[in-house]
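Undergrad:
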Amino acid sequence: MSVSPTPVSPPPVSPAEARGGTRVHVQRVGTFLSSMVMPNIGAFIAWGLLTALFIEKGWITSLAGDVGAGSWVAHIGGWGDYDGGGIVGPTITYLLPILIGATGGRIVYDTRGAVVGAIATMGVIAGADVPMFLGAMIMGPLGALLIKKLDALWDGRIRPGFEMLVDNFSAGIAGAAMAVVGFFGIGPLVSGFSRLASNVVDFLVDNSLLPLTSIFIEPAKVLFLNNAINHGILTPLGTNQASEDGKSILFLLEANPGPGLGLLVAYMVFGRGVARSSAPGAAIIHFLGGIHEIYFPFVLMKPKLIAAMIAGGMTGVMINVLFDSGLRAPAAPGSIIAVFAQTANDSYLGVTLSVVGAATVSFLVAAVLLRTDRSVDEPDLGGATAAMEALKGKRSVAAAALNSMGTGSTATLTAPEKISTIVFACDAGMGSSAMGASVLRKRIRDAGYTEVTVVNRAIANLSDEYDLVVTHRDLTDRARERTPSALHVPVDDFMNSPEYDEIVALVARADGGDVPAESTEAGELLPDESIVLSGTATTRAEAIDEAGGLLVAAGAVAESYVAAMHEREGSVSTFMGNGLAIPHGTNAAKDDIRRTGLSVVRYREPVDWNGNPVEFVIGIAGTGDDHLALLSRIAQVFADTDQVARLRDANTVAEIRAVLGPRHS
Numbered sequence: 001m002s003v004s005p006t007p008v009s010p011p012p013v014s015p016a017e018a019r020g021g022t023r024v025h026v027q028r029v030g031t032f033l034s035s036m037v038m039p040n041i042g043a044f045i046a047w048g049l050l051t052a053l054f055i056e057k058g059w060i061t062s063l064a065g066d067v068g069a070g071s072w073v074a075h076i077g078g079w080g081d082y083d084g085g086g087i088v089g090p091t092i093t094y095l096l097p098i099l100i101g102a103t104g105g106r107i108v109y110d111t112r113g114a115v116v117g118a119i120a121t122m123g124v125i126a127g128a129d130v131p132m133f134l135g136a137m138i139m140g141p142l143g144a145l146l147i148k149k150l151d152a153l154w155d156g157r158i159r160p161g162f163e164m165l166v167d168n169f170s171a172g173i174a175g176a177a178m179a180v181v182g183f184f185g186i187g188p189l190v191s192g193f194s195r196l197a198s199n200v201v202d203f204l205v206d207n208s209l210l211p212l213t214s215i216f217i218e219p220a221k222v223l224f225l226n227n228a229i230n231h232g233i234l235t236p237l238g239t240n241q242a243s244e245d246g247k248s249i250l251f252l253l254e255a256n257p258g259p260g261l262g263l264l265v266a267y268m269v270f271g272r273g274v275a276r277s278s279a280p281g282a283a284i285i286h287f288l289g290g291i292h293e294i295y296f297p298f299v300l301m302k303p304k305l306i307a308a309m310i311a312g313g314m315t316g317v318m319i320n321v322l323f324d325s326g327l328r329a330p331a332a333p334g335s336i337i338a339v340f341a342q343t344a345n346d347s348y349l350g351v352t353l354s355v356v357g358a359a360t361v362s363f364l365v366a367a368v369l370l371r372t373d374r375s376v377d378e379p380d381l382g383g384a385t386a387a388m389e390a391l392k393g394k395r396s397v398a399a400a401a402l403n404s405m406g407t408g409s410t411a412t413l414t415a416p417e418k419i420s421t422i423v424f425a426c427d428a429g430m431g432s433s434a435m436g437a438s439v440l441r442k443r444i445r446d447a448g449y450t451e452v453t454v455v456n457r458a459i460a461n462l463s464d465e466y467d468l469v470v471t472h473r474d475l476t477d478r479a480r481e482r483t484p485s486a487l488h489v490p491v492d493d494f495m496n497s498p499e500y501d502e503i504v505a506l507v508a509r510a511d512g513g514d515v516p517a518e519s520t521e522a523g524e525l526l527p528d529e530s531i532v533l534s535g536t537a538t539t540r541a542e543a544i545d546e547a548g549g550l551l552v553a554a555g556a557v558a559e560s561y562v563a564a565m566h567e568r569e570g571s572v573s574t575f576m577g578n579g580l581a582i583p584h585g586t587n588a589a590k591d592d593i594r595r596t597g598l599s600v601v602r603y604r605e606p607v608d609w610n611g612n613p614v615e616f617v618i619g620i621a622g623t624g625d626d627h628l629a630l631l632s633r634i635a636q637v638f639a640d641t642d643q644v645a646r647l648r649d650a651n652t653v654a655e656i657r658a659v660l661g662p663r664h665s
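Structure (C-alpha cells):
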C-alpha cells in the first residue's frame, strides 16, 4: 500500500483560512524567538539561582553576614565594595545575551552563523545600557544571515588551499562589521525601546491596568502563540526589569499555572465524557510538569471557556500587583515548582495567593459555563476529533482523516509500506511533544515494534524524512509544510492520547502484523442486511433509531445501546461534513455491545442534523480496533467528492459495498 498524497489544486482561501494563515505566520515568528531562548533556559535558571543566593539580600548573603563572611559573599555576588564584579552582573550582561545571539545564529547558519552571531551580539551589548536580550534576538540571526549570503557569493570560486583562510577572515570581517552596526545602530535603538516598554509597564502598574493584559494573553496562549508572547516579549522585558529591581511581575503574566488548573478542576467536576476523565491527569501534568499546552484543547472544545481563563489570569495579575510580587527569572516550564524556585525572597505570599486566586476564579467561571451548558456544540470538521469518538470512549484516527476535509489535507490514513520513523512535533520541541513521544514510544515498544523510532522535535526543526508525524491539530498545517510526504495524524489530547493506540494499529498493518484482514472486515462488520439504500427517517432522532436498529437486528448490540447513541448525540454532534454523520454510543454503554458492527443508511432527502444536511448515516459499535480499517476506508471515501457521488448514484447494496469495501494496492 502507498501513502503518497494525491496532488490536488488548492481550494480558494476563505476568510477563516486567511486568519489561520496569519496565525501560522505569528506562530512561526514565536517559534523562532523561543528557539533562541528555550535551549538557554538552564542559563536563565542559573542566573536566577545566583541572584537569589548572592545579591545583597540573598539567602546566602544574609546568612554569611550573620557569621562574618559577608565580604567574601559580596565578592561572588558583585555588590557592595565589589560592585560590578562577581557573577550576577556579568551573567545577565554578557553570558545570557551572547548565548541567545549564538543560538539564533546557529539556527540560521549552523556553527559559522553561531560564531558571527555571537560577535554581532557583543557589539549590541557594548552599545547599550540595559541587558541586550532583544538586541541579541536581532543581531544573532542577522549576523548569521550576512555570513550565509557572503559564503554563497564565492561558493565554488575559491582556489584549493585557500578555503580556511577565506572562511576565517570572512567570518571575522562580517562579525566585526555587524558588531559595529550593533554598537552604533541597534544597541541605542533597543535601549530606547526597552526604556519605553518599561515606562509602559510602569504606567500599567501605577494605574492598576496591568491585569487587562490577560484579555490578550490568555486567548493568544490557546492559539499556540504563547511562545511569541512569553519568549519574544515578556522574557526580555522581564529580565531587564529584574536586573534593576531583582524581580519582575512580567514573568508571571503568561507562566502562572493558576488559570489552567482552575479550568481543569472545573472539568473534573462538571465536565462530561473523555474531557472529564482526562482532566485529573491533565491537571497534574499542567500544574506540576508545567506543560500548559495540555489544557488548550479543553478551551478549544468550548471556546466560551476563554472567559474563565481571562478572569483567572486577570485575578492572578491583580494580586501580584497588589503585593508587588514577581520572579527573579523566567519560570520555564511554567510548573508551580519552577515558579516557586524563581520567586523573589519577598514575593512568596503574593505569588502563592496569585496562583490560588487565579485558579479559584477560573474554576468558578468555568463551573458556571459548564454547568449551564445545554447546547449541542457543533465542532467544525477541522476541529472535532472528539466527534469521531468510538464506543470505547476514545477518538479515532479515522476521524482525523475526516477532519482533514476541512483543512485541505490530501493525506489518507492508509498505512505506508513501512513505518519506521515517527516524530511528535510541537512548537518548541519540548513539553507536550516530549511527553507525547514518550507515551507513544512505550505503546509501540509494548506492541513488539522495537525497531520503530519515536522522537520529539520542534516544528521549525522538522525535515521531510519521517514516515509519520503527530501534532496537535492546530499545528498540523505548519508541520505539513515541513514534512509534506509524511502521514500526518492530528491529536487533541496529549495525555490520554486515544489516537496512539490506533497509530500502533497502523504500524502493525504496515508491518504485516496481526491486524484483522481488510478483505474480510467489510463482510463481517457490515453485512448486506445492515445497508439501507433509502432510509425512511425524516429527523435526526429517527435516523439514529434507524441506524441503531440495524445494529440491533444484526446482533451486534443490545437494544439499550440505541439509547446510548442518543445520549452521545446530546453531548457532542456526530456530524462529520460532506453529508455524513456517524452516531455511536457512549463509553458507559460498552457492555451493551456483543460484537463490533456497522450500519449504513442512505437518505434520498437529506436529514436535518442540527442545521446540517445529512445524506449518509453510519452507525458504529466498536469494541476494539478491528473496525478501524473499514473506518479508514470510509474516511477516504468521504474525503473524495467523486466517491460520494458514486454512493449517491448507487442502485444496489453491491454498488454501495463496491465503494465502501476494501481497496487493495
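Going by this note's numbering, the residue at position 52 of the sequence shown is 52; the numbering climbs one at a time, nothing skipped. The beta carbon of each residue, even a glycine, is placed where N, CA and C say it ideally should be.
Which value, in whole angstroms, describes the spacing of the CA atoms of E546 and V601?
TA: Reading the sequence shown from its first residue, position 546 is the one you call residue 546. Reading the sequence shown from its first residue, position 601 is the one you call residue 601. Whole-angstrom Cα-Cα distance: 8 Å.
Undergrad: Tell me whether the beta-carbon of I249 lies closer than 8 Å to the beta-carbon of V321.
TA: Taking the first residue of the sequence shown as position 1, residue 249 is located at position 249. Taking the first residue of the sequence shown as position 1, residue 321 is located at position 321. Yes. Within cutoff.
Undergrad: Excluding five sequence neighbours on each side, which residues of the same chain lie with their C-beta closer than 6 Å to the C-beta of L550?
TA: As a position in the sequence shown, residue 550 is number 550, starting the count at 1. Taken in chain order, the residues that qualify are S530 and S599.
Undergrad: Just how far apart, CA to CA, sit M565 and I544?
TA: Locating residue 565 in the sequence shown gives position 565, where the first residue counts as 1. Locating residue 544 in the sequence shown gives position 544, where the first residue counts as 1. Each residue's alpha carbon lies about 7 Å from the other.
Undergrad: When DSSP labels each residue in this structure, what does A144 get in the three-state scheme?
TA: Here the question's residue 144 lines up with position 144 in the sequence shown. Looking at A144 - three-state DSSP - the assignment turns out to be helix.
Undergrad: Would P606 be called buried (16 or more neighbouring beta carbons within 10 Å of its own) or exposed?
TA: Your numbering for residue 606 matches position 606 in the sequence shown. So P606 ends up on the exposed side.
Undergrad: Check each candidate in V166, L253 and D155 and name the one with the smallest Cα separation from V201.
TA: The residue labelled residue 201 in the question sits at position 201 within the sequence shown. Residue L253 is the option with its Cα nearest to V201.
Undergrad: For Y561 and G585, what's the separation of their Cα atoms in angstroms?
TA: Numbered from 1 along the sequence shown, position 561 holds the residue referred to as residue 561. Numbered from 1 along the sequence shown, position 585 holds the residue referred to as residue 585. Near 6 Å, if we compare the C-alpha coordinates of G585 and Y561.
Undergrad: Quick one: using the 10 Å Cβ neighbour count with 16 as the cut-off for buried, is P303 buried or exposed?
TA: Start at 1 with the first residue of the sequence shown, and residue 303 comes out as number 303. P303 comes out exposed.
Undergrad: Decide if the stretch 107-124 is in contact with the stretch 138-152; the criterion is three or more beta carbon pairs, one per stretch, under 8 Å apart.
TA: Judged by Cβ distances under 8 Å, the stretch 107-124 makes contact with the stretch 138-152, as three or more pairs qualify.
Undergrad: Using C-beta distances below 7 Å, list every residue in its chain close to T476, excluding the 5 sequence neighbours before and after it, in chain order.
TA: Looking up residue 476 in the sequence shown gives position 476. Cβ neighbours of T476 beyond the five flanking positions: H488 and P490.
Undergrad: Return yes when the Cβ of L468 is within less than 8 Å of the Cβ of A479, no when it is not.
TA: Translated into the one-based positions of the sequence shown, residue 479 becomes position 479. Translated into the one-based positions of the sequence shown, residue 468 becomes position 468. In this structure, L468 does not lie closer than 8 Å to A479 by Cβ.
Undergrad: Alpha carbon to alpha carbon, what distance is there between V423 and V470?
TA: The residue given as residue 470 occupies position 470 in the sequence shown. The residue given as residue 423 occupies position 423 in the sequence shown. Approximately 6 Å, taken between the alpha carbons.
Undergrad: So is E218 buried or exposed if we call it buried at 16+ other beta carbons inside 10 Å?
TA: Here residue 218 is taken as the residue at index 218 of the sequence shown, counted from 1. Counting Cβ neighbours within 10 Å, E218 comes out buried, since at least 16 surround it.
Undergrad: Quick one: is E569 buried, meaning 16 or more other Cβ sit within 10 Å of its Cβ, or exposed?
TA: Walking along the sequence shown from the start, residue 569 turns up at place 569. With 16 or more Cβ atoms within 10 Å of its Cβ, E569 is classed as buried.
Undergrad: Using three-state DSSP, classify L468 as helix, strand or coil.
TA: Working through the sequence shown from its first residue, we reach residue 468 at position 468. It is a strand residue.
Undergrad: Between R677 and D528, what straight-line distance do the alpha-carbon atoms span, to the nearest angstrom?
TA: As displayed, the chain neither begins before 1 nor continues past 665, which places residue 677 out of reach and without an answer.
Undergrad: Counting beta carbon pairs with one atom in the stretch 131-138 and one in the stretch 167-175, are three or more of them shorter than 8 Å?
TA: Contact fails: fewer than three Cβ-Cβ distances are below 8 Å.
Undergrad: For the putative contact between N578 and V653, defined by C-beta atoms under 8 Å, what is the C-beta separation to the nearest angstrom?
TA: Start at 1 with the first residue of the sequence shown, and residue 578 comes out as number 578. Start at 1 with the first residue of the sequence shown, and residue 653 comes out as number 653. Contact doesn't hold; Cβ gap of about 21 Å is too wide.
Undergrad: Should A36 and G89 be called a contact, given that it needs their Cβ atoms to be closer than 8 Å?
TA: As a position in the sequence shown, residue 36 is number 36, starting the count at 1. As a position in the sequence shown, residue 89 is number 89, starting the count at 1. The question names Ala, but residue 36 in the sequence shown is Met. No. Outside cutoff.
Undergrad: I'd like to check one pair, V614 with F575: are the Cβ atoms closer than 8 Å?
TA: By 1-based counting over the sequence shown, the position of residue 575 is 575. By 1-based counting over the sequence shown, the position of residue 614 is 614. Yes, they are a contact pair.
Undergrad: Measure the alpha-carbon distance for V351 versus A307 and round it to whole angstroms.
TA: One-based indexing of the sequence shown puts residue 351 at position 351. One-based indexing of the sequence shown puts residue 307 at position 307. So the alpha carbons of these two residues sit roughly 22 Å apart.
Undergrad: Should W609 go down as buried or exposed, given a rule of 16 or more other Cβ atoms within 10 Å for buried?
TA: Position 609 of the sequence shown holds residue 609. Label assigned to W609: buried.
Undergrad: First and last residue of the beta strand (DSSP E) that includes A541?
TA: Reading the sequence shown from its first residue, position 541 is the one you call residue 541. No beta strand (DSSP E) holds A541; the alpha helix (DSSP H) holding it covers R540 to A553.
Undergrad: If we count the other Cβ atoms within 10 Å of its Cβ and call it buried at 16 or more, is K247 buried or exposed?
TA: For the purposes of this step, residue 247 is identified with residue 247 of the sequence shown, where counting begins at 1. Buried.
Undergrad: Is DSSP giving A645 helix, strand or coil here?
TA: Within the sequence shown, residue 645 is the residue found at index 645, counting from 1. Here A645 sits in helix by DSSP.
Undergrad: Check each candidate in E559, S214 and G117 and name the one with the smallest Cα separation from A174.
TA: Stepping through the sequence shown from its first residue, residue 174 is reached at position 174. Measuring from the Cα of A174, the nearest candidate turns out to be G117.
Undergrad: Tell me which residue opens and which closes the alpha helix (DSSP H) that F270 is part of.
TA: Along the sequence shown, read from residue 1 onward, the residue named residue 270 stands at position 270. Segment G258 to F270, the alpha helix (DSSP H) holding F270.
Undergrad: Pull up the distance between the alpha-carbon of I735 and that of Y449, whole angstroms please.
TA: Only positions 1 to 665 of the chain appear in this structure, which leaves residue 735 out of reach.
Undergrad: Along the chain, where does the alpha helix (DSSP H) that runs through S599 open and close?
TA: Working through the sequence shown from its first residue, we reach residue 599 at position 599. Looking at the DSSP string, S599 is not in any alpha helix (DSSP H); the run it does join, the beta strand (DSSP E), is G597 to W609.
Undergrad: Check whether the Cβ atoms of G192 and G135 sit closer than 8 Å, and answer yes or no.
TA: Translated into the one-based positions of the sequence shown, residue 192 becomes position 192. Translated into the one-based positions of the sequence shown, residue 135 becomes position 135. Not closer than 8 Å, so no.
Undergrad: Using the three-state DSSP reduction, which class does N207 fall into: helix, strand or coil?
TA: In the sequence shown, counting from the first residue as 1, residue 207 sits at position 207. Coil.
Undergrad: Looking at V365 and A311, is the spacing between their C-beta atoms short of 8 Å?
TA: Looking up residue 311 in the sequence shown gives position 311. Looking up residue 365 in the sequence shown gives position 365. Yes, Cβ-Cβ distance for A311 and V365 is below 8 Å.
Undergrad: Using a Cβ-Cβ cut-off of 6 Å (strictly less than) and excluding sequence neighbours within five positions of L647, which residues of its own chain qualify?
TA: Working through the sequence shown from its first residue, we reach residue 647 at position 647. So the qualifying residues of the chain are V659.
Undergrad: With DSSP run on the structure shown, which of helix, strand or coil describes S362?
TA: What you label residue 362 is simply residue 362 of the sequence shown in a count that begins at 1. Note: S362 maps to helix in three-state DSSP.
Undergrad: In the DSSP assignment, find the beta strand (DSSP E) that holds R457 and state where it starts and stops.
TA: Position 457 of the sequence shown, counted from the first residue, corresponds to residue 457. Note, R457: beta strand (DSSP E), T453 to A458.
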